[in-house]
Amino acid sequence: NAGVTQTPKFRILKIGQSMTLQCAQDMNHNYMYWYRQDPGMGLKLIYYSVGAGITDKGEVPNGYNVSRSTTEDFPLRLELAAPSQTSVYFCASSYLTRGGVDQPQHFGDGTRLSIL
Amino acid sequence: KQEVTQIPAALSVPEGENLVLNCSFTDSAIYNLQWFRQDPGKGLTSLLLIQSSQREQTSGRLNASLDKSSGRSTLYIAASQPGDSATYLCAVAGANNLFFGTGTRLTVIP
């Protein structure tokens, strides 16, 4: 059972570089999410998607972009890395039918990103 | 904006004790409330999900309650074990978002 798979697990970037964090799920979930977790803080939503071709901003979207071309994949792109983007990034997925029974979110193991 | 608070921030108990973790939230218009466990260097694992229409959920030694009107939830852990040591996160669901607390770091001492 793969669940939610994130790559890479660790990465160090220089200021101004760009990179894409990969996320894939094999549970046929319609919703996918990207969160960041800063030390001592709760997780904050960056972007989410309710299905292929549909994305929307969360609480802290500035400096990031996403796409959802397939149900399985939801990559997160940093265009111009800044020190403030040093964080642990978590991808999650869930199956939701509003009005039905909610299912819990499944999380990947995270990507630890340092911007120097 | 929804604010989620967890008290205490850290807790140490001897093995075998029963314990309660607390979560409070400011906006009672929620879809559900979830409790997660996070081990160091790992992602979050869902423990319990309480729908907004429910009052409690149970799984093994864990019991979570929800009181929407007062904006509170508790996670009760019975007969704690060293393997329960982790950070426990509470999250409340809005329309398309989960709002997380900062967690309670639990240490169970053998």
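Keeping their order, the protein sequence lines are chains A and B.
Just so you know, we're using the numbering used here here: the first sequence kicks off at 20 and counts up by one.
Just so you know, we're using the numbering used here here: the second sequence kicks off at 6 and counts up by one.
Glycine included, each C-beta is placed from N, C-alpha and C at the ideal position.
Item, Value
"Partner residues on chain B for P123(A), Cβ-Cβ distance less than 7 Å", "Q39, S51 and L54"
"DSSP three-state assignment for D92(A), whether helix, strand or coil", "strand"
"Three-state class that DSSP yields for G77(A) in the structure shown", "coil"
"Spatially closest choice to Q7(B) from L49(B), Q56(B) and D32(B), by CA coordinates", "D32(B)"
"Segment contact, 8 Å Cβ cut-off, at least three pairs: the segment 120–128 of chain A with the segment 63–73 of chain A", "no"
"Residues bridged to T24(A) [DSSP beta-bridge criterion]", "A43(A)"
"Q122(A) - DSSP class collapsed to helix/strand/coil", "coil"
"Where the segment 71–92 of chain B meets chain A: residues whose CB sits under 9 Å from a CB there", "none"
"Y83(A) versus Q104(A) - alpha carbon distance", "10 Å"
"Inside the segment 30–63 of chain B only - beta strand (DSSP E) runs reaching at least 3 residues", "37–43 and 49–56"
"Buried or exposed (CB count within 10 angstroms, at least 16 for buried), S78(B)", "buried"
"Min CB distance G70(A) to chain B below 7 Å", "no"
"Straight-line Cα distance separating S113(A) from A43(A)", "12 Å"
"Residue of S90(B), S17(B), L103(B) and A96(B) minimising C-alpha distance to P45(B)", "S90(B)"
"Neighbourhood of I12(B) by C-beta, 6 Å cutoff - its chain only, sequence neighbours within 5 removed", "N27"
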